[in-house]
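Worksheet: the structure to be examined is printed underneath.
Numbering (my numbering), first residue to last: 23 to 186.
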């Protein structure tokens, strides 16, 4: 079974080659031969040479082992540490629901939230011996400017985007 290698852009290849060159420069500054670094990293000399060449088929674990031998493994903590684009995308997604709530569901939640207020004894109804029912609240308007449940729901429902 052959090993599949990720297809990289020209920029990706260039960055890997530069990364390999920096590994080679770090090894040479320490006066270490390739064979010794490869042995300490637990990889073959050919795999080590591939890493120094920036081969895209070289595993990240191989690079990590080599960086540990050279004392540079902490540098990997800097990869993607600052991600302003990702943060902006994450923050913008916090304000958007995946699926908007339906008006019926909002109406149900409003009913559950406000019905205890209507069930509580009120001096007006006690004095007038009037009875109020859940159905009469929905259908009858005793005051012309009264706020209805549909009015409350319309405030909570986001209007549908206009299609041109």
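Every residue, glycine too, gets a C-beta built ideally from N, C-alpha and C. Just so we're clear, the structure is a prediction, and the values are computed from it rather than from any experiment.
Residue interval of the alpha helix (DSSP H) (run including residue 90): 82–92
Whole angstroms is fine: what's the gap from residue 184's alpha carbon to residue 130's? 26 Å
Closest residue to residue 126 among 90, 84, 96 and 172 (Cα-Cα distance): 172
Determine, using beta carbons only, whether residue 91 and residue 57 come nearer to each other than 8 Å. no
Any idea what DSSP makes of residue 26, helix, strand or coil? coil
Could you tell me the boundaries of the alpha helix (DSSP H) in which residue 57 lies? 56–63
Rounded to a whole number of angstroms, what is the C-alpha to C-alpha distance between residue 28 and residue 77? 11 Å
Alpha carbon to alpha carbon, how far is residue 179 from residue 150? Give it in angstroms, no decimals. Confidence is the limiting factor: at residue 150 the pLDDT is only 48, short of 50, which leaves the residue's position unreliable, though a coordinate-based value still follows. For residue 150 and residue 179, the distance between alpha carbons rounds to 36 Å.
In or out: residue 69 buried (at least 16 other Cβ within 10 Å) or exposed? buried
If you draw a straight line from the alpha carbon of residue 54 to that of residue 60, how long is it in whole angstroms? 10 Å
Under 8 Å between the Cβ atoms of residue 65 and residue 84? yes
Helix, strand or coil: how does DSSP classify residue 110 here? helix
For residue 184, the three-state DSSP class (helix, strand or coil): coil
Going straight from the alpha carbon of residue 73 to that of residue 113, what length do you get? 37 Å
Would residue 42 and residue 96 qualify as a contact pair, given that the criterion is a beta-carbon distance under 8 Å? no
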